[in-house]
Amino acid sequence: MYRYTDFDATFVAERNAQFRAQVERRIDGSLTEDEFKPLRLMNGLYLQLHAYMLRVAIPYGTLSSAQMRQLAYIAERWDKGYGHFTTRQNIQFNWPTLRDVPDMLDALAEVQMHAIQTSGNTIRNVTADHFAGAAADEIADPRPVAELIRQWSTDHPEFQFLPRKFKIAVTGSPNDRAVTKAHDIGLRMVRNDAGEPGFEVIVGGGLGRTPMIGKVVRDFLPEADLLPYLEAVVSVWNLLGRRDNKYKSRIKITVHEHGIDDIRARVEERFALLRPAFTGVDQQLFAQIKADFAPPAFADRDTGPFDLAYANDPVFRSWADTNLSAHRAPGHAIAQISLKAHGATPGDATADQMRVMADLAERYGHDELRISHEQNVVLPHVHKADLPAIHAALKDAGLATANIGKISDIIACPGMDYCALATARSIPIAQEIATRFDQLKLEHEVGDLKIKISGCINACGHHHVGHIGILGLDRAGVENYQITLGGDHTETAAIGQRTGPGFSADEIVPAIERIVDTYLSERDSAEETFIDTFRRVGMTPFKTALYGESDKKQKAA
Amino acid sequence: MPAIFTPKVITANALLEGDVVYLTQDDTWTRNLKDADVLTDEADAQIRLIDASARTSEVVGVYLADVSPGKSGPKPTHFREAFRMRGPSNYPHGKQSEAL
Numbered sequence: 000m001y002r003y004t005d006f007d008a009t010f011v012a013e014r015n016a017q018f019r020a021q022v023e024r025r026i027d028g029s030l031t032e033d034e035f036k037p038l039r040l041m042n043g044l045y046l047q048l049h050a051y052m053l054r055v056a057i058p059y060g061t062l063s064s065a066q067m068r069q070l071a072y073i074a075e076r077w078d079k080g081y082g083h084f085t086t087r088q089n090i091q092f093n094w095p096t097l098r099d100v101p102d103m104l105d106a107l108a109e110v111q112m113h114a115i116q117t118s119g120n121t122i123r124n125v126t127a128d129h130f131a132g133a134a135a136d137e138i139a140d141p142r143p144v145a146e147l148i149r150q151w152s153t154d155h156p157e158f159q160f161l162p163r164k165f166k167i168a169v170t171g172s173p174n175d176r177a178v179t180k181a182h183d184i185g186l187r188m189v190r191n192d193a194g195e196p197g198f199e200v201i202v203g204g205g206l207g208r209t210p211m212i213g214k215v216v217r218d219f220l221p222e223a224d225l226l227p228y229l230e231a232v233v234s235v236w237n238l239l240g241r242r243d244n245k246y247k248s249r250i251k252i253t254v255h256e257h258g259i260d261d262i263r264a265r266v267e268e269r270f271a272l273l274r275p276a277f278t279g280v281d282q283q284l285f286a287q288i289k290a291d292f293a294p295p296a297f298a299d300r301d302t303g304p305f306d307l308a309y310a311n312d313p314v315f316r317s318w319a320d321t322n323l324s325a326h327r328a329p330g331h332a333i334a335q336i337s338l339k340a341h342g343a344t345p346g347d348a349t350a351d352q353m354r355v356m357a358d359l360a361e362r363y364g365h366d367e368l369r370i371s372h373e374q375n376v377v378l379p380h381v382h383k384a385d386l387p388a389i390h391a392a393l394k395d396a397g398l399a400t401a402n403i404g405k406i407s408d409i410i411a412c413p414g415m416d417y418c419a420l421a422t423a424r425s426i427p428i429a430q431e432i433a434t435r436f437d438q439l440k441l442e443h444e445v446g447d448l449k450i451k452i453s454g455c456i457n458a459c460g461h462h463h464v465g466h467i468g469i470l471g472l473d474r475a476g477v478e479n480y481q482i483t484l485g486g487d488h489t490e491t492a493a494i495g496q497r498t499g500p501g502f503s504a505d506e507i508v509p510a511i512e513r514i515v516d517t518y519l520s521e522r523d524s525a526e527e528t529f530i531d532t533f534r535r536v537g538m539t540p541f542k543t544a545l546y547g548e549s550d551k552k553q554k555a556a
Numbered sequence: 000m001p002a003i004f005t006p007k008v009i010t011a012n013a014l015l016e017g018d019v020v021y022l023t024q025d026d027t028w029t030r031n032l033k034d035a036d037v038l039t040d041e042a043d044a045q046i047r048l049i050d051a052s053a054r055t056s057e058v059v060g061v062y063l064a065d066v067s068p069g070k071s072g073p074k075p076t077h078f079r080e081a082f083r084m085r086g087p088s089n090y091p092h093g094k095q096s097e098a099l
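Which chain is which? The protein sequence lines are A and B, in order. Counting in numbering that gives the first Met the number 0, the first sequence runs from 0 upward without gaps. Counting in numbering that gives the first Met the number 0, the second sequence runs from 0 upward without gaps.
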C-alpha cells in the first residue's frame, strides 16, 4: 500500500492546521458563513438536515487494518458509534459537532487519511475497481494510477474553483466494476497492438439530473501522457464549462453542447501545449508509487479446510457461492463482506464491526480492506483455507449476509433521513425491499439483480444504472418513487428507462414485487438474469404488471 | 385578493452543534418546535427573518417553514420539516432521542 512521504504528511498536517484556524475564525465571527462554506466543503464538511457531516476519502477504496480501526475510534469518540460507506468510496460521519472536526481530521492524519477535496468544486476522491490488484480478470492494478492522480489533483492551483465538481474513476479490468462510464473522466487501462500500456479515456459521463454515458475522447493514451492529458481535459472544461447555471456546469453538458469531436480537438490542442511541461518527474513518481502496490506474497497452501466446510456446511456454502470472487492467485479468493444485512441501513458499519473486519484483514488478508462503490467491504486477498474461520467471525458480528449482487444488496443514498438536498427517503425503502424478499425466501431464486435508490435527482444512489432504479421525489408534499428499468453500471453501461408514473411510499415495495414476479414468469430459464430478460422482452410486460392493461387504453382514448 | 399567509416559524441549524433550532417569541433559539413563535403576519415574518438571518455567529441557513398551529404548539406541514423535527427514521438518533 501507498505510504505517505514526509511531503504528504506535512501537507496534510498544514492543511489541518489551516482548517482548525478557519473553524476558530468562523466561531469567533471573523469569517461569515458565506466565506467559511467553501473552505469547509474543500475539507469534506457539510451541514446536513440534523447535524454536520464529515466525508472522509478512502482513496481508490483501499484501507489498512490500522486505518479501519481508527475509523472505528473516530466513530465512537466523536460520532454515534458507526460510519456510512458511500458510492464514491468515502466514509461519512453523520453527527460531528463543528468544534470536534479539527480533532477528527488530526486523528485521520495519524493513519494517513484525510477529507480533502471530498466536496466542493474540485477534483474529488479518485475511485477505482474495488478488486484492484486481486481480480483474476485484471490487466493492471489501477491504484497506482489513482494515487498519481490524487497527488496531481490535490490542491492543484488551477483546479480549486472549477465550474462544478469533477469525478474520476479508474479500472484495470475489462469488466468494469468502477462505473467508469458514469464519471466526468473514466480511465480504462488497456494495451495497444504493440502491447504497450495506456488508457482508453472516457469523458462526459455522469448521472444526476441529465444522465449521460461517457464518450471515448481518446482510444489509446500512452501511460506517460496521462497527467498532461488529464490536465488538458480539465482545463478545457474549466474555461468552457458553464458557471451561469449549476445544472449545466458539469463536463457532460459541455461535451453534449460542443460535441465530442470539438472537445477532442480542443483537448488535443491544449495537450500539445502542456505536454512539454511534464519532463518526466511525474513518471519517476509513478514508478515509486507502483512499487508501493507490489502484490503481497501469496502462500501456496492446501485448500482442504475450505473444501470440507463447503461440502458440509450449507450456510457457509451459500455465503461462498454468493460473496466470493475469482482471485488471480491459486488457492485464493476475494471475499465480499455485505453491509446489507436484511433490514439494516445499506453501507453502515458499527465501530465493533469495523474492528472485526480490521482484525480479519490483519490476520488473514495481508492487512488490506477495500470499500466498494456498492457500499460493501472487501477482503481482497484471502486464502481459501482461512475462509471457514473468516465466515465464522463474520457471522458472530452480523456481517455474514450472503447476498452480494442479489436483490437485497441495494445501493441507497442517505436520502431525506440525513441529506439536506434530498426530496424523499431512500434508506427505509431499501430496508423494506430487503426485508420483504428475505421473508419471501426468493432472493437466491431471483439471482443477480441490482436495485439502486436515490432520494433526489442528483442520483448519488446511481438509480439510472440500476437494473431496477428507484428515484424518490416530492410530489405535492408527499414522497413519490419513480421506477426505471434496464440500467447497467458495467462496461455495457446504459441508462434505465422510466416505467411511467411513480408510486407512493406504501406502493413502491409491492410494485417492485410485481416487477420481480414478471421477471420470474418471463425468463426463459433460471440462468437468464433479470437484465438479460429485460433486454429480450422489453418494457411492455413490466409496464402491464405495474399499471395494468387499461392504462394504455385510457391514455389512447 | 392577496393569497392567505400560511403560518410559519423561523428555523435554522445551530452553528456549533449543527442541529435544528427554531426562533421563540423572545428571540432566543429553541430545540423544540412546540416552543417556536408562530408567525401569522407576512410583514412581521419577513422582518423577523431578516433579523434572525443576521445572527450568523449563532445559526446557519435561516428560513421560514410552514406550520399548522395547534393546542400543543405548531406542527410541521411538510415531511421534510417533520424529519428535521424528529431525526432520521433508520435509527433513534437526533431530536427523537433527546426528547426521551
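Just so you know, even glycine gets a beta-carbon here, dropped at the ideal spot from N, CA and C. All values reported here derive from a predicted model rather than from experimental measurement.
One or two residues paired with residue i in a DSSP bridge
{"i": "SER248 (chain A)", "result": "For SER248 (chain A), which the question treats as bridged, DSSP gives no partner whatsoever."}
{"i": "SER453 (chain A)", "result": "A:LEU470"}
{"i": "ASP347 (chain A)", "result": "A:HIS83"}
{"i": "MET211 (chain A)", "result": "A:GLY205"}
{"i": "TRP28 (chain B)", "result": "B:LEU22"}
Residue j beta carbon less than 9 Å from that of residue i
{"i": "LYS164 (chain A)", "j": "GLY203 (chain A)", "result": "no"}
{"i": "VAL355 (chain A)", "j": "LEU398 (chain A)", "result": "yes"}
{"i": "LEU272 (chain A)", "j": "ALA223 (chain A)", "result": "no"}
{"i": "TYR309 (chain A)", "j": "GLN47 (chain A)", "result": "no"}
{"i": "PRO221 (chain A)", "j": "VAL125 (chain A)", "result": "no"}
{"i": "TRP94 (chain A)", "j": "ASP78 (chain A)", "result": "yes"}
{"i": "LYS451 (chain A)", "j": "GLY486 (chain A)", "result": "yes"}
{"i": "GLY501 (chain A)", "j": "TYR518 (chain A)", "result": "no"}
{"i": "GLY330 (chain A)", "j": "PHE292 (chain A)", "result": "no"}
{"i": "HIS380 (chain A)", "j": "HIS390 (chain A)", "result": "no"}
{"i": "ASP301 (chain A)", "j": "ALA401 (chain A)", "result": "no"}
Collapsed DSSP secondary structure at residue i in the structure displayed
{"i": "ALA399 (chain A)", "result": "coil"}
{"i": "ASP33 (chain A)", "result": "helix"}
{"i": "LEU48 (chain B)", "result": "helix"}
{"i": "ALA411 (chain A)", "result": "strand"}
{"i": "GLU75 (chain A)", "result": "helix"}
{"i": "ALA458 (chain A)", "result": "coil"}
{"i": "TYR3 (chain A)", "result": "coil"}
{"i": "LYS74 (chain B)", "result": "strand"}
{"i": "GLU367 (chain A)", "result": "strand"}
{"i": "TRP318 (chain A)", "result": "helix"}
{"i": "THR96 (chain A)", "result": "coil"}
{"i": "GLY197 (chain A)", "result": "strand"}
{"i": "LEU14 (chain B)", "result": "coil"}
{"i": "ILE579 (chain A)", "result": "In the structure as shown, chain A starts at 0 and stops at 556, and residue 579 (chain A) therefore has no counterpart that could be examined."}
{"i": "GLN374 (chain A)", "result": "coil"}
{"i": "PHE541 (chain A)", "result": "helix"}
{"i": "GLU490 (chain A)", "result": "coil"}
Residue nearest to residue i in terms of C-alpha spacing, selected from the options
{"i": "VAL464 (chain A)", "options": "A:LEU472, A:SER453 and A:ASP473", "result": "A:SER453"}
{"i": "ILE511 (chain A)", "options": "A:ILE403, A:GLY404, A:ILE428 and A:MET112", "result": "A:ILE428"}
{"i": "GLN91 (chain A)", "options": "A:GLY82, A:GLY258 and A:ASP99", "result": "A:GLY82"}
{"i": "ILE432 (chain A)", "options": "A:ILE410, A:THR539, A:GLY205 and A:GLY60", "result": "A:ILE410"}
{"i": "ARG242 (chain A)", "options": "A:PHE160, A:THR528 and A:GLY346", "result": "A:PHE160"}
{"i": "LYS70 (chain B)", "options": "B:ASN12, B:ASP26 and B:ASP34", "result": "B:ASP34"}
{"i": "LEU472 (chain A)", "options": "A:LYS451, A:ALA504, A:ALA493 and A:GLU442", "result": "A:ALA504"}
{"i": "THR27 (chain B)", "options": "B:THR39, B:ASP43 and B:ARG47", "result": "B:ARG47"}
{"i": "ILE201 (chain A)", "options": "A:ILE212, A:THR253, A:ASP99 and A:LYS449", "result": "A:ILE212"}
{"i": "GLU267 (chain A)", "options": "A:ASP218, A:GLU548 and A:ILE426", "result": "A:ASP218"}
{"i": "GLU373 (chain A)", "options": "A:THR498, A:ARG497, A:GLN66 and A:HIS488", "result": "A:HIS488"}
{"i": "PRO141 (chain A)", "options": "A:ARG176, A:THR121 and A:ASP351", "result": "A:ARG176"}
Exposed unless 16 or more other CB atoms sit within 10 angstroms - verdict on residue i
{"i": "VAL314 (chain A)", "result": "exposed"}
{"i": "GLU157 (chain A)", "result": "exposed"}
{"i": "PRO87 (chain B)", "result": "buried"}
{"i": "ALA544 (chain A)", "result": "buried"}
{"i": "VAL477 (chain A)", "result": "exposed"}
{"i": "LEU238 (chain A)", "result": "exposed"}
{"i": "LEU439 (chain A)", "result": "exposed"}
{"i": "ASN15 (chain A)", "result": "buried"}
{"i": "LEU101 (chain B)", "result": "Missing from the structure shown is residue 101 (chain B); chain B here goes from 0 to 99 and no further."}
{"i": "ILE3 (chain B)", "result": "exposed"}
{"i": "ARG54 (chain A)", "result": "buried"}
With 7 Å as the limit, tell me which residues of the stretch 40-66 of chain A have their beta carbon closer than that to any beta carbon of chain D; keep them in chain order. Among the protein chains of the structure shown, namely A and B, there is no chain D.
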